[in-house]
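Asker:
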Amino acid sequence: MRRALRFIPILLCATRLGAQGVVIAPHALFIDGRARSGSVLLYNPNTEPVEVSISLLFGYPVTDSLGRIVLRTIDHPDSTMRSAAGWIQAFPRRLTVPPLERQTIRLLASPPPGLPAGEYWARLVIAARGGQAPVTGVTDTAAVKVGLTLEVRTIIGVYYRQGAVRTGVAMSNLRTALAGDSLVVRSRLVQQGNAAYIGTVQGVLTDPTGATRGEFKAPIGVYYTMEPRYAMRIGALTPGRYWLKVKLTTEREDLGPEVLLPSAVARDSVEVGIP
Amino acid sequence: MSRAVVRVGALVALVLVARAGRAQGVSGQVGIDAEVIGQGMAITSLRNLNFGTVIKGVPSAVLPTDAAAGEWQVQGNKNATVSIVFTLPTRLTNVQALPGSTMPIAFGPTAALWNRGTNTVAGATPFDPTAGTTGKFGPPANPYIYLWIGGTVTPAATAKPGIYTGTIIVSIAYL
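Chains as they are written, first to last, in the working numbering: chain U, 1245 to 1519; chain V, 3 to 177.
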């Protein structure tokens, strides 16, 4: 009984970590085919060193049948895919970032000869792990103790641009559905040109007087084809006819204009009946 | 916890990286400028998933809403969408016993939670950690995502004493 009581505090208390992880900037890396190199900065804001390992993979966002955007990763991309994962290398690939210090990861590209103009993609995986054991201090050799360590992986996009690059997006099949107090919006988006469409999607629902009754705005990246789902809260609307207008622009709040490829605004609209 | 949040939040300054000064024309003045790298992203493990001491032969569960649940904080670009994927162990290893001493661990369809911008499990969205989900950073004032994970371990009646451990990996990708 006394032994059991001794473990009550352990059962009640979770292991508190000194926060572990690294800050990574930028969160998207654009490499010019003339320079063939880029860099990512890591910063350890914590009081413990962080072990970091770097790798590259090929992947891009797609949508599933419900319209959720997910990252599709492909271990062995074929020659028709715009993968740069096989010829971009990161240095160093393993490092320890001391507390309150920063380290630079350099990426060097060695594209195959005769690479056609266009944008090629990879994903940089930065895995960070603190050095702390999850459970310590066994005072009873007969006890069974269980704890799990948490490891974090940040995956950022790498875009290698060879020669002249251009982008665009074609929007079609704009449609809506009511779901509770929200309007669900979906449309088919097809990337144009030879580079990913990086931009922002915005939707506005207006009533017959032109007043806005709902809106949404989200960053988006179209690499091939996708049909994302967005939900805008509209509450209880008066029955009637409304208009939904959706547009995609190559503007992003989190990326500088110098890395964004300009393109004409894509627009579409559809009438929405509220019963 | 709040100290960690403040610490990560303060890292916005990180993107301003001082460069070496250089001569400016004939006056010989040396100036320091700043290079804006762009917005950063940080995933921070706030708390390990800890089952503490368990009883042989009795399954032990930690809910994602429990104080013993694992927790992460992700800081990124306001309103951006990210993919959240877990790599989960199926067995934990006793690091104090001879090799081969393991314990099963399972994660149910609501064993994980995520919340947009707010570090509280109240109102958080449950999801299946084996399937992953997509999350969205909070608005400009709180560009965070918080994640929690629980699970269930099933120690055998003959489980050897010691510390059983494993690693949960969370992968966050901008979409």
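For each residue, glycine too, the CB sits at the ideal point set by N, CA and C. Everything numeric in this text was worked out from a predicted model, so none of it was measured.
Find the residues of chain U that neighbour I147 of chain V, judging by a C-beta separation of less than 7 Å, and give them in chain order.
Answerer: The contacting residues do not exist; I147 of chain V stays about 12 Å from chain U at best.
Asker: In chain order, what residues of the same chain lie with their CB nearer than 6 Å to the CB of L1337 of chain U, ignoring the 5 residues before and after it?
Answerer: For the record, residue 1337 of chain U in the displayed sequence is Arg; it is not Leu. Counting only Cβ-Cβ distances below 6 Å, and skipping sequence neighbours, we find I1298.
Asker: Quick check: the Cα distance between G1437 of chain U and R1457 of chain U, rounded to an integer number of angstroms?
Answerer: Going from the Cα of G1437 of chain U to the Cα of R1457 of chain U covers about 35 Å.
Asker: By DSSP, does R1430 of chain U sit in helix, in strand, or in coil?
Answerer: In the structure shown, R1430 of chain U sits in a strand (DSSP, three-state: E or B).
Asker: State the CB to CB distance for the pair Q1406 of chain U and L1359 of chain U, rounded to an integer number of angstroms; the pair is presumed to be in contact (CB under 8 Å).
Answerer: Yes, they are in contact, since the Cβ atoms of Q1406 of chain U and L1359 of chain U sit about 5 Å apart, within 8 Å.
Asker: Rounded to a whole number of angstroms, what is the C-alpha to C-alpha distance between V1409 of chain U and P1501 of chain U?
Answerer: The alpha-carbon atoms of V1409 of chain U and P1501 of chain U are separated by roughly 15 Å.
Asker: When burial is assigned at 16 or more other CB atoms within 10 Å of the CB, is N1417 of chain U buried or exposed?
Answerer: It is exposed - the Cβ of N1417 of chain U has fewer than 16 other Cβ atoms within 10 Å.
Asker: For a cutoff of 8 Å on Cβ pairs, would you count D1498 of chain U as touching chain V?
Answerer: So, interface residue.
Asker: Quick one: is L100 of chain V near chain U, going by C-beta distance under 8 Å?
Answerer: With 8 Å as the cut-off, L100 of chain V does not count as an interface residue toward chain U.
Asker: Give the range of the beta strand (DSSP E) segment to which P111 of chain V is assigned.
Answerer: That residue, P111 of chain V, is in no beta strand (DSSP E); it is neither H nor E in DSSP.
Asker: Name the residue from U:T1469, U:L1492, U:L1505 whose alpha carbon lies nearest to the alpha carbon of S1309 of chain U.
Answerer: Checked all of U:T1469, U:L1492, U:L1505; the closest Cα to S1309 of chain U is U:T1469.
Asker: How about the region 1315 to 1325 of chain U and the region 1339 to 1354 of chain U: do they share at least three Cβ pairs that are nearer than 8 Å?
Answerer: Judged by Cβ distances under 8 Å, the region 1315 to 1325 of chain U makes no contact with the region 1339 to 1354 of chain U, as fewer than three pairs qualify.
Asker: Less than 8 Å between the C-beta atoms of S1431 of chain U and D1319 of chain U, yes or no?
Answerer: Not closer than 8 Å, so no.
Asker: Determine, for W74 of chain V, whether the minimum Cβ-Cβ distance to residues of chain U falls below 8 Å.
Answerer: By this cut-off, W74 of chain V is an interface position.
Asker: Name the one or two DSSP bridge partners that F1274 of chain U has.
Answerer: Answer by DSSP bridge pairing, in chain order: U:Y1403.
Asker: If we count the other Cβ atoms within 10 Å of its Cβ and call it buried at 16 or more, is A1510 of chain U buried or exposed?
Answerer: So A1510 of chain U ends up on the buried side.
Asker: I want to see whether chain U comes within less than 8 Å of V60 of chain V, judged by CB atoms only; does it?
Answerer: Chain U contact via Cβ: absent.
Asker: Using DSSP bridges, identify the partner residues of L149 of chain V.
Answerer: The partner list for L149 of chain V (beta bridge, DSSP) reads V:W74, V:W116.
Asker: Can you list, in chain order, the residues of its chain whose CB lies under 8 Å from that of P91 of chain V, leaving out five sequence neighbours each side?
Answerer: Result list for P91 of chain V: I107, G168, T169, I170, in chain order.
Asker: Applying a beta-carbon distance threshold of less than 7 Å, which residues of chain U neighbour P157 of chain V?
Answerer: Those within 7 Å of P157 of chain V in chain U are V1388.
Asker: Taking a contact to mean a Cβ-Cβ separation below 8 Å, would you say I1478 of chain U touches L1427 of chain U in this structure?
Answerer: Yes, these two residues count as a Cβ contact at 8 Å.
Asker: Between the Cα of L100 of chain V and the Cα atoms of V:K162, V:A175, V:S62, V:G42, which residue gives the shortest distance?
Answerer: The option with the nearest alpha carbon to L100 of chain V is V:K162.
Asker: Could you give the DSSP three-state label for R1410 of chain U: helix, strand or coil?
Answerer: Coil.
Asker: Report the residue from U:V1434, U:W1365, U:L1344, U:A1462 whose alpha carbon sits nearest the alpha carbon of T1291 of chain U.
Answerer: Looking at the Cα atoms, U:L1344 is the closest of the given residues.
Asker: Near V1445 of chain U, what residues of its chain come up, given a Cβ to Cβ distance below 6 Å and the 5 sequence neighbours on each side ignored?
Answerer: Counting only Cβ-Cβ distances below 6 Å, and skipping sequence neighbours, we find A1462, I1464, L1492.
Asker: Does the region 1301 to 1317 of chain U touch the region 1265 to 1285 of chain U, meaning 3 or more C-beta pairs lie closer than 8 Å?
Answerer: Output reads no: the region 1301 to 1317 of chain U does not touch the region 1265 to 1285 of chain U.
Asker: Mind listing the chain U neighbours of A63 of chain V? Cutoff is C-beta to C-beta under 9 Å, in chain order.
Answerer: Residues of chain U passing the Cβ test: none, with the nearest at roughly 11 Å.
Asker: Against chain V, does G1447 of chain U count as a neighbour if the rule is that its beta carbon must be under 8 Å from one of theirs?
Answerer: Closer than 8 Å: no.
Asker: Would P1483 of chain U pass as an interface residue toward chain V - the criterion being a Cβ-Cβ separation below 8 Å?
Answerer: No, P1483 of chain U does not count as interfacial toward chain V.
Asker: Quick check on F129 of chain V - is its C-beta less than 8 Å from some C-beta in chain U?
Answerer: No, its Cβ sits nowhere closer than 8 Å to a Cβ of chain U.
Asker: Thinking C-alpha only, which one of U:K1489, U:F1460, U:L1505 is nearest A1475 of chain U?
Answerer: The shortest C-alpha separation from A1475 of chain U is found at U:F1460.
Asker: In chain U, which residues lie with their C-beta within 7 Å of the C-beta of N79 of chain V?
Answerer: Ordered by position in chain U, the residues that pass the 7 Å Cβ test against N79 of chain V are H1271, D1498.
Asker: Excluding the 5 residues preceding and the 5 following N117 of chain V in the sequence, name in chain order all residues of the same chain whose CB lies nearer than 6 Å to its CB.
Answerer: Same-chain partners within the cutoff: A126, Y148.
Asker: Does P1463 of chain U get closer than 8 Å to chain V when you measure Cβ to Cβ?
Answerer: Yes, P1463 of chain U counts as interfacial toward chain V.
Asker: So the candidates are V:V172, V:F139, V:I165, V:Y176; which of them puts its Cα closest to the Cα of A93 of chain V?
Answerer: With the sequence shown as reference, residue 93 of chain V is identified as Arg, and Ala is not the correct amino acid for it. Nearest of V:V172, V:F139, V:I165, V:Y176 to R93 of chain V, Cα basis: V:I165.
Asker: If you reduce the DSSP assignment to three classes, tell me which class L1422 of chain U lands in.
Answerer: Strand at L1422 of chain U.
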